[in-house]
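S.K.:
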Amino acid sequence: MPDIFNPSVILSDIPAILQGLPVTLEIVVFSAVIGWIFGLGLALVKMHRIPVLYQICGIFVSFTRGTPELVQLFLAYYGLPVIIEYANYYWGAGIPVRTLPKMLFVLVAFTNITAAYSAESFRATLEGVDKGQMEAALSSGLSRWSAYRRIVLPEALVVAIPSLGSQFVSMLKGTSLAFVVSVVDMTSAGQLVASRTYRYLEMYIALALLYWILSGAFSGLFRVVERLLKRNERVSEGLRASVFVQRVRRLTGREEVERGINVGVTDIRTAKAV
Amino acid sequence: MSVLQISGLRKQFDGTEILRGIDVEVNEGEVVGLIGSSGAGKSTLLRCIDFLEQPDAGRFRLEDYEIADVASAAKADIAHFRRHTAMVFQSFNLYKLKTALENVTLALTDSRKIPASQARDIASEFLARVGLSEKQDSFPDKLSGGQRQRVALARAAVLKPKVMLLDEPTSALDPENVGEVLDVIRGLADQGQSMIIASHEMGFLRQVADHVVFMDHGVVEEEGSAEQVFLHPGKERTQQFLSRARV
Chain A
4 MPDIFNPSVI LSDIPAILQG LPVTLEIVVF SAVIGWIFGL GLALVKMHRI PVLYQICGIF
64 VSFTRGTPEL VQLFLAYYGL PVIIEYANYY WGAGIPVRTL PKMLFVLVAF TNITAAYSAE
124 SFRATLEGVD KGQMEAALSS GLSRWSAYRR IVLPEALVVA IPSLGSQFVS MLKGTSLAFV
184 VSVVDMTSAG QLVASRTYRY LEMYIALALL YWILSGAFSG LFRVVERLLK RNERVSEGLR
244 ASVFVQRVRR LTGREEVERG INVGVTDIRT AKAV
Chain B
7 MSVLQISGLR KQFDGTEILR GIDVEVNEGE VVGLIGSSGA GKSTLLRCID FLEQPDAGRF
67 RLEDYEIADV ASAAKADIAH FRRHTAMVFQ SFNLYKLKTA LENVTLALTD SRKIPASQAR
127 DIASEFLARV GLSEKQDSFP DKLSGGQRQR VALARAAVLK PKVMLLDEPT SALDPENVGE
187 VLDVIRGLAD QGQSMIIASH EMGFLRQVAD HVVFMDHGVV EEEGSAEQVF LHPGKERTQQ
247 FLSRARV
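Next comes the structure, spelled out in structure tokens:
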């Protein structure tokens with residue numbers, strides 16, 4: 004059999020690719036956390052139509068959402084050093100441009116992108132929170148900031164989680180662009196391996212599988228977070244068990260089943276077992 | 007002794023005058039019933055007192071704290087009024103992600119700076135007073151309308167406001183839930199809580215209100231004791247309204 008495609012290389016490539024995992028996670032987690040904070044700020048500026056800032060934010064969001072991620076990465080890569088050089092020249096900032104870590108440019112670009120995309124999600128969900136919630140808080144003496152922090156933001160966040168989650172996953176995939184500025188993330192690590200083995204297809208299959216698993220894991224994680232935050236919709240195991248019992252009762256209508264189930268049903272697993 | 011005095015209150019929305027110079031006074035321990043058809047300005051009046059709407063003109067006095075010109079009320083003035091009044095809304099406005107107990111506790115710990123454990127004890131005592139001890143860990147969406155409004159009443163009462171502002175507290179309820187809420191309000195009134203109640207429950211107001219104010223098109227058309235306004239209304243417009251409202 005000709006050695007055109009070697010599936011075993013897919014597996015053997017994985018450890019080397021995973022060496023780039025910490026960098027991939029660093030990019031996506033850092034840009035998500037900082038980007039969301041900025042995004043929330045942008046949303047508040049937009050909602051309260053703060054003059055000047057409102058226009059600047061509008062242009063920033065529209066520009067960032069309207070240009071390819073790759074182009075933005077290059078803009079940060081070539082643009083930031085220029086800004087720093089000027090700062091050094093005029094204000095004597097003394098920042099060493101040439102030794103700046105490449106990772107910085109990647110983080111700046113991806114933070115911007117996350118901020119711009121999340122701003123819209125935050126704005127929509129914040130505006131979606133019933134005004135009565137804010138009014139109730141204000142009228143009971145809470146400051147506007149307290150009311151935001153304790154009531155409005157948590158409610159908005161719960162609604163925003165699914166869209167933030169899908170943005171996070173698409174950003175995770177987007178981090179594969181970091182290789183163009185020679186930051187060694189998973190994609191870069193994979194390319195390094197393949198450049199030695201010349202097994203590009205096998206490596207890309209391994210890489211694709213890893214991204215797929217990661218995306219699935221993070222999607223799942225966001226669903227869990229959403230469920231945790233929706234604490235008012237959480238149903239206790241006991242209640243779920245009793246609902247299950249009722250359902251069984253309805254379906255069977257048999258007295259003995261009911262009696263059997265009612266004995267010591269403490270959680271849903273027991274109920275199902277019975 | 008007068009607790010709250012509102013004079014010359016004006017408010018317009020987009021050029022339409024909703025309140026056209028309102029004078030209202032609430033005495034210590036008094037229940038003031040606010041009646042009038044929908045759109046008469048009852049809600050706007052209550053919301054202006056709590057500065058949920060910015061009044062255009064008028065003078066407010068809460069005990070000896072006076073705001074001479076409410077249109078230019080300072081942040082501290084607004085904070086003072088909000089701190090010493092408490093609003094109960096038609097649509098309850100309970101905090102969705104907080105349990106009944108947390109709804110009642112929040113303002114105690116946040117704006118009154120009462121330690122959490124103490125605040126929980128106070129809140130749970132107030133929930134007991136409205137008959138909801140067993141529901142204190144329930145979230146609003148697991149409560150009936152009547153229960154939600156009782157939590158809202160506990161949330162307002164726990165702050166020991168000088169005046170409680172009730173904006174049609176039973177209008178959003180199923181008829182069978184109205185009674186339990188009215189009972190709680192009556193209980194608060196019996197304990198000497200001063201309040202203004204905007205309501206269409208004429209029979210109830212006739213029983214509990216010490217003073218009744220009939221509003222029409224943004225002005226106080228007639229006011230007096232409950233008996234006087236309900237049984238011997240002086241103005242034709244009041245008679246018309248009451249005959250339609252079937253007291």
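The listed protein sequences derive, respectively, from chains A and B. Heads up, the first sequence is in our numbering, so the first residue is 4 and it goes up one at a time. Heads up, the second sequence is in our numbering, so the first residue is 7 and it goes up one at a time. No residue lacks a Cβ here, since even glycine has one placed at the ideal position from N, Cα and C.
Could you please give the first and the last residue of the uninterrupted alpha helix (DSSP H) stretch that includes Q197/B?
M.R.: No alpha helix (DSSP H) holds Q197/B; DSSP gives it neither H nor E.
S.K.: Buried or exposed, going by whether 16 or more other CB atoms sit within 10 Å of the CB of L73/A?
M.R.: exposed
S.K.: Taking Cβ-Cβ distances shorter than 7 Å, what residues in chain B pair up with R199/A?
M.R.: At a C-beta separation below 7 Å, R199/A has no neighbours in chain B, since its nearest C-beta there lies roughly 53 Å away.
S.K.: Just to confirm my understanding: we take L204/A, look at its own chain, exclude 5 residues before and 5 after, and list those with CB closer than 7 Å. What are they?
M.R.: F8
S.K.: Examine chain D for any beta-carbon lying closer than 9 Å to the beta-carbon of E236/A, and answer yes or no.
M.R.: The question asks about chain D, but that chain is absent: this structure's protein chains are A and B.
S.K.: If you follow the beta strand (DSSP E) that V217/B is in, where does it begin and where does it stop?
M.R.: With the sequence shown as reference, residue 217/B is identified as His, and Val is not the correct amino acid for it. In the DSSP assignment, H217/B falls within the beta strand (DSSP E) that extends over 217-222.
S.K.: Can you give the Cα-Cα distance for H86/B and D173/B, rounded to whole angstroms?
M.R.: 20 Å
S.K.: For T67/A versus T178/A, is the C-beta distance shorter than 9 Å?
M.R.: Not closer than 9 Å, so no.
S.K.: Quick check on the DSSP output: the beta strand (DSSP E) that includes D127/B runs from which residue to which?
M.R.: Here D127/B belongs to no beta strand (DSSP E); instead the alpha helix (DSSP H) covers 122-135.
S.K.: Determine the burial state of L237/B: buried for a count of at least 16 other Cβ atoms within 10 Å of its Cβ, exposed for fewer.
M.R.: exposed
S.K.: With a cut-off of 8 Å on the beta carbons, I'd call L15/B and L68/B a contact; round off their distance for me.
M.R.: Rounded, the Cβ-Cβ distance is 14 Å, inconsistent with contact.
S.K.: Closer than 9 Å by beta-carbon distance: list the chain B residues that pair up with E138/A, in chain order.
M.R.: R53, D56, L58, M93, F95, N99
S.K.: Comparing C-alpha positions only, which one of D6/A, L56/A, T114/A, P54/A sits nearest to V32/A?
M.R.: The shortest Cα separation from V32/A among D6/A, L56/A, T114/A, P54/A belongs to T114/A.
S.K.: Is D75/B buried or exposed, if buried means 16 or more other CB atoms sit within 10 Å of its CB?
M.R.: With fewer than 16 other Cβ atoms inside 10 Å of its own Cβ, D75/B counts as exposed.
S.K.: Find the residues of chain B that neighbour S142/A, judging by a C-beta separation of less than 7 Å, and give them in chain order.
M.R.: D56, L58, R88, A92, M93
S.K.: Within the 9 Å Cβ cut-off, does G131/A reach chain B?
M.R.: Answer no: the Cβ-Cβ gap between G131/A and chain B never drops below 9 Å.
S.K.: Would the region 162-175 of chain A and the region 130-140 of chain B be scored as touching if the rule is three or more Cβ pairs under 8 Å?
M.R.: no
S.K.: Taking the C-alpha atoms as reference points, what is the distance between M170/B and I202/B?
M.R.: 6 Å
S.K.: Taking C-alpha atoms, which residue in K176/A, G95/A, E236/A lies nearest to G219/A?
M.R.: K176/A
S.K.: Could you say which of A251/B, K241/B, L179/B, N183/B lies nearest to L211/B if we only look at CA atoms?
M.R.: A251/B
S.K.: Between V161/A and chain B, is the shortest Cβ-Cβ distance under 9 Å, so that the two count as touching?
M.R.: yes
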